[in-house]
């Protein structure tokens, strides 16, 4: 009996010791995992900081190099006569040599989506050409300054219009693929645009609020044979900013916009119809487009305010500098120390369309208020043109997505495109779900899972009220909104259709 009791005591003691070891081992494993996670977070933070430093230093070195090159070029171009030819061309004395072709040997943008600018490139002199040089298929409008029109040239066989890659903006394609930068003074540009004349094929003009499905619409049109699409040509964007900032002499803008459209839509053997989608700020040009080209089909795409703003906030998760910017913008302390961030945000997204005086003081502006102003000012601008009698067709994204086939049919009837192409166009409504895992369905744009806090919602509602618009997330119908529900008699006379 005593032996049995002794064995039981030993077994019980052994079990307790084993249990203690297991608990101790589990505790150590948990602590080890916690330490590893902590070290992993530190490593990620250091890598992110290293990326920021590399980006900033690389861009700083690029700008330093550019300054040195430009300083050196002032001397060499003066000695070789390049600068004299440029000045003569600017004053209309060297028309036949007014196009200055320059070779690109370095390109750099701090933010990939920033507006096109000649400073994106460091170049060297190559040659002077006749203005007709810019009519080559490989040459396209890039941007404008107050003194010059900027083109880029890409290699033969490279398509930067967006017909093959409709989701990639034209200004990004141009930046990445260009091998030459071309400048032309305004007098020569006016003459060549005037001689070229109005576009010879029908044009679809898509204005939008941004983050509203307009790119999907472009993707749909790109599927049509004979359709040439241009997704966000920044020559129009720079024109909008230059005009807003009063950088042109009186009457200059009124010539430049139609000239830019004529050159953008220059004769192309591939094109039987052209689709141009602009950046959001270019909504302000809808009236000018109608006055100069009344036969252009104008569409205006927008989306529910809450979804648009939530989607806009997602841009701050795409690039390192954007994420850092949002952290500073929404911090009262940091935004006071670095006021330039809020000023830059306002200038980029709000300044062209905002009311005068501005709805919100830049010092108090957050990312939510900035994108609310951008959406509301865009809608208000469209309403102004509707009231002024500009013929445009408003399209609400949520309505379009209820029945994509019906949407294509109604749009094709409005744009005089044959119904035979509806099945082909439907392919453009499908998203690559591997690239957009949150889409749920292949025909629905990915929704943001991030919620907007109550305080920011209240701020947004206050801004919307000042524009005379409903609260955040509430449906709003622009007069003349496209009706995709009511069946209409479809007189599809193929011989009368452009495509």
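Residue numbers (the numbering used here): 389 to 887.
For glycine and all other residues, C-beta sits at the position ideal for the given N, C-alpha and C.
Alpha carbon of residue i to alpha carbon of residue j, nearest angstrom
i, j, result
"residue 638", "residue 649", "20 Å"
"residue 546", "residue 565", "8 Å"
"residue 818", "residue 438", "38 Å"
"residue 512", "residue 446", "20 Å"
"residue 795", "residue 601", "13 Å"
"residue 776", "residue 676", "12 Å"
"residue 702", "residue 763", "15 Å"
"residue 867", "residue 768", "12 Å"
"residue 474", "residue 537", "13 Å"
"residue 694", "residue 687", "22 Å"
"residue 802", "residue 871", "11 Å"
"residue 450", "residue 532", "22 Å"
"residue 632", "residue 527", "27 Å"
"residue 550", "residue 656", "14 Å"
"residue 783", "residue 790", "12 Å"
"residue 836", "residue 630", "Confidence is the limiting factor: at residue 836 the pLDDT is only 44, short of 50, which leaves the residue's position unreliable, though a coordinate-based value still follows. In a straight line, the C-alpha of residue 836 is about 33 Å away from that of residue 630."
"residue 479", "residue 575", "8 Å"
"residue 500", "residue 507", "13 Å"
"residue 849", "residue 864", "14 Å"
Under the three-state DSSP convention, the category residue i falls into
i, result
"residue 428", "helix"
"residue 507", "helix"
"residue 495", "strand"
"residue 514", "strand"
"residue 690", "strand"
"residue 530", "strand"
"residue 815", "helix"
"residue 559", "helix"
"residue 668", "helix"
"residue 619", "strand"
"residue 866", "coil"
"residue 573", "strand"
"residue 449", "helix"
"residue 487", "strand"
"residue 589", "coil"
"residue 721", "helix"
"residue 537", "strand"
"residue 548", "coil"
C-beta contact flag for residue i and residue j at 9 Å
i, j, result
"residue 778", "residue 674", "yes"
"residue 555", "residue 607", "yes"
"residue 635", "residue 534", "yes"
"residue 605", "residue 624", "no"
"residue 664", "residue 594", "yes"
"residue 577", "residue 540", "no"
"residue 847", "residue 700", "no"
"residue 785", "residue 691", "yes"
"residue 610", "residue 839", "no"
"residue 844", "residue 747", "no"
"residue 787", "residue 869", "yes"
"residue 614", "residue 660", "yes"
Cβ distance (whole Å) where residue i is taken to contact residue j below 8 Å
i, j, result
"residue 558", "residue 619", "5 Å"
"residue 518", "residue 472", "That belief does not hold up - the Cβ atoms of residue 518 and residue 472 are roughly 18 Å apart, past 8 Å."
"residue 737", "residue 759", "7 Å"
"residue 696", "residue 597", "6 Å"
"residue 516", "residue 492", "That belief does not hold up - the Cβ atoms of residue 516 and residue 492 are roughly 17 Å apart, past 8 Å."
"residue 671", "residue 766", "5 Å"
"residue 587", "residue 653", "4 Å"
"residue 572", "residue 487", "5 Å"
"residue 722", "residue 733", "That belief does not hold up - the Cβ atoms of residue 722 and residue 733 are roughly 13 Å apart, past 8 Å."
"residue 616", "residue 684", "The pair is not a contact, with the Cβ atoms about 14 Å apart (cut-off 8 Å)."
"residue 814", "residue 626", "About 35 Å separates the two Cβ atoms, so there is no contact after all."
"residue 809", "residue 569", "About 38 Å; that fails the 8 Å criterion."
Near the ligand COA: residue i beta-carbon under 8 Å from a heavy atom
i, result
"residue 431", "Among the components of this structure there are no ligands whatsoever, and the ligand COA is therefore not found."
Contained beta strand (DSSP E) runs [length at least 3] in the stretch 726-809, N- to C-terminal order | The stretch 726-809 is shown to contain whole beta strand (DSSP E) runs of 3 or more residues at 781-784, in chain order.
Pick out the complete alpha helix (DSSP H) segments inside the stretch 627-679, 4 residues or longer, and give them in chain order.
-> 640-652
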